[in-house]
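Chains as they are written, first to last, in this note's numbering: chain A, -3 to 239; chain B, -3 to 239.
Ideal placement from N, C-alpha and C gives every residue a C-beta, glycine not left out.
Since we're looking at a predicted model, the values are computed, not measured.
What follows is a single structure, written as structure tokens, with notes after it.
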């Protein structure tokens, strides 16, 4: 057990949750190492949501609310870390939820769907088709889900898939702790923040958003500025350590 | 299969090797996420050995050669990534090799020992005793191994154990990609470099070292300077990305 007053309590709980999820086949081993990469970048962010990340989260809420068919694409790591937060966000934003995996097997699809449903998430089901401009099974998604969506929130996404979704003309919102990743660089809107800090803030913003605020946030959105702010925050952490 | 001309070939091979090692019980899931953290920091180092890392590797060779009982402490990640490199370094430096695990079970001890032996490494064996100033099984090591050693190379070590070894008066050399980790900050000598790039350079330096050069490297050694240089290199990567 990790003591609650440990200065890095949240981070250590998430790490443990990912390890447990590997043992229950919800997360693949590659997902555990991806989680570790995120931890390192979060450490450089001071394990806190920056002002620019908070702005990105409000802007994400505006895009989800403005979408006519918004959807949240959930992978193993996201399900393991944030099933409750996904349920809340789906309710507040009106977005559908589709399970979409990079390392896709029927067993994992079923395990993750069951895990989300146990947390009260309504999960889109149906027969996946190869509808994304990608090779092999990475092209799979639901025709009435991600394929038809105009706004897609894809936390912790692979670079190729993020690019494919953008190339289809969708508004792609990602949550990615590495501002240098291809996903972060390619998405329409990149939230450089830790998943379980970001999701409740997007949910809260969905609940409080006025039409005018939403329009303004979308009009002012500049993803390069968000990425720049994240890089700057990491630089400051390194500079502080050099003092 | 990862194509050999992929710009991040080495990093992707290491990632795959760690995932395979989890499946064969040599690496624990926590080791896979630790590997991911290292990958993120290595990305910020440009996935290359800096001039200061190369100097640290030469200095490590000097300390190993100057030790009367040098030893290499090997954990699951190190065994999975660098069994051959450990054999070469043990031969060139005269250091013994002991398996020492944070998540210690008899099964993993046996699997890792067998894996190293299959690569031709001579592994110290015997009955571990609780000899380190740490609680529970983390105190375990061999009386004629780590306990008796004056110079210990511990790649990828836990902060508590690094501190315990230093408190026992040993010269502790670590290889750690995170210059801010407690291990990096506590060790006598911190090599901020990727394991499979670092080990062959230490081996090479052991083969070529003269007594005078070794004495000079040890006399001039300043760990804060090494850590500072690593932080500076990471800052530069971030600054370049902001251009």
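Practice task
Give a yes or no on whether 9 angstroms exceeds the smallest Cβ distance from residue 283 of chain A to chain B.
Solution key: Nothing can be reported for residue 283 of chain A: it is not among the residues displayed for chain A, which extend from -3 to 239.
Problem - Backbone CA spacing between residue 234 of chain A and residue 228 of chain B [nearest angstrom] - result: 8 angstroms
Problem - C-alpha gap between residue 196 of chain A and residue 129 of chain A, whole angstroms - result: 32 angstroms
Exercise for the section: Decide if the stretch 45 to 59 of chain A is in contact with the stretch 10 to 25 of chain A; the criterion is three or more beta carbon pairs, one per stretch, under 8 angstroms apart. Expected result: no
Problem - residue 172 of chain B vs residue 34 of chain B beta-carbon contact at 9 angstroms - result: yes
Exercise for the section: Tell me, please, whether the CB atom of residue 39 of chain A is closer than 9 angstroms to any CB atom in chain B? Expected result: yes
Practice task
Consider the Cβ of residue 3 of chain B: report whether some Cβ of chain A lies at a distance smaller than 9 angstroms.
Solution key: no
Practice task
Pick helix, strand or coil for residue 171 of chain B, following the three-state DSSP scheme.
Solution key: strand
Exercise for the section: Taking all protein chains shown into account, decide if residue 204 of chain A is buried (16 or more other Cβ within 10 angstroms of its Cβ) or exposed. Expected result: exposed
Problem - For residue 186 of chain B, three-class secondary structure by DSSP - result: In the structure shown, residue 186 of chain B adopts extended strand secondary structure according to DSSP, grouped into three states.
Handout entry: Near-chain B residues of the stretch 3 to 22 of chain A - C-beta to any C-beta below 8 angstroms
Key = 11, 14, 15, 18 and 19
Practice task
Pull up the distance between the alpha-carbon of residue 222 of chain A and that of residue 176 of chain B, whole angstroms please.
Solution key: 25 angstroms
Problem - Listed by chain order, chain A residues near residue 174 of chain B by CB distance under 9 angstroms - result: 36 and 39
Problem - Cutoff 7 angstroms; reference residue 113 of chain B; Cβ partners in own chain excluding five residues on either side - result: 119
Problem - Exposure label - residue -2 of chain B; buried when at least 16 CB within 10 Å - result: With fewer than 16 Cβ atoms within 10 Å of its Cβ, residue -2 of chain B is classed as exposed.
Problem - DSSP beta-bridge partners of residue 9 of chain A - result: Paired residues: none, contrary to the question.
Handout entry: Touch test, the stretch 204 to 219 of chain B against the stretch 183 to 202 of chain A, Cβ-Cβ under 8 angstroms, three pairs minimum
Key = No: the two stretches stay apart, fewer than three of their Cβ pairs being nearer than 8 angstroms.
Problem - Where residue 69 of chain B sits in the DSSP three-state scheme - result: In the structure shown, residue 69 of chain B sits in a strand (DSSP, three-state: E or B).
Problem - Where residue 136 of chain B sits in the DSSP three-state scheme - result: Strand, per DSSP.
Exercise for the section: Check whether the Cβ atoms of residue 67 of chain B and residue 116 of chain B lie closer than 9 angstroms to each other. Expected result: no
Practice task
Taking all protein chains shown into account, decide if residue 184 of chain A is buried (16 or more other Cβ within 10 angstroms of its Cβ) or exposed.
Solution key: buried
Handout entry: Terminal residues of the beta strand (DSSP E) in which residue 195 of chain A lies
Key = Premise fails: residue 195 of chain A lies in the alpha helix (DSSP H), 191 to 204, not in any beta strand (DSSP E).
Problem - Contact between the stretch 150 to 170 of chain B and the stretch 59 to 78 of chain B (3+ Cβ pairs under 8 angstroms) - result: yes
Handout entry: Sub-9 angstroms separation of residue 69 of chain B and residue 94 of chain B beta-carbons
Key = yes
Handout entry: Selected residue, minimal CA-CA separation from residue 224 of chain A, among A/126, A/46, A/90 and A/134
Key = A/46
Exercise for the section: Could you name the residues of the same chain whose beta carbon sits closer than 6 angstroms to that of residue 179 of chain B, not counting the 5 residues immediately before and after it, in chain order? Expected result: Within the same chain, residue 179 of chain B has close Cβ partners 153, 155, 158, 170 and 172.
Handout entry: Cutoff 9 angstroms: residue 29 of chain A Cβ touching any chain B Cβ
Key = yes
Handout entry: Neighbourhood of residue 82 of chain A by C-beta, 8 angstroms cutoff - its chain only, sequence neighbours within 5 removed
Key = For residue 82 of chain A, the CB contacts under 8 angstroms within the same chain, skipping 5 residues up- and downstream, are 68, 70, 74, 75, 93, 112, 115, 117 and 195 in chain order.
Exercise for the section: Just the chain A side, please: which residues come within less than 7 angstroms of residue 159 of chain B by C-beta, in chain order? Expected result: Those do not exist, as residue 159 of chain B stays about 17 angstroms from chain A at its closest Cβ, beyond 7 angstroms.
Practice task
Using DSSP bridges, identify the partner residues of residue 126 of chain A.
Solution key: Its beta-bridge partners are A/136.
Exercise for the section: Counting only the same chain and skipping the five closest in sequence on each side, list residues whose C-beta sits under 6 angstroms from that of residue 199 of chain B. Expected result: Cβ within range, chain order: 84, 85 and 88.
Practice task
Check whether the Cβ atoms of residue 29 of chain B and residue 11 of chain A lie closer than 9 angstroms to each other.
Solution key: yes
Practice task
Pull out every residue of the stretch 94 to 117 of chain A whose Cβ sits closer than 7 angstroms to any Cβ of chain B, in chain order.
Solution key: none
Practice task
Ignore the nearest five residues each way along the sequence and tell me which others in residue 100 of chain A's own chain have a CB closer than 7 angstroms to its CB.
Solution key: 133 and 136
Handout entry: Through-space distance from residue 163 of chain A to residue 97 of chain A, alpha-carbon basis
Key = 19 angstroms
Exercise for the section: Just the chain A side, please: which residues come within less than 9 angstroms of residue 227 of chain B by C-beta, in chain order? Expected result: 234, 235, 237 and 238
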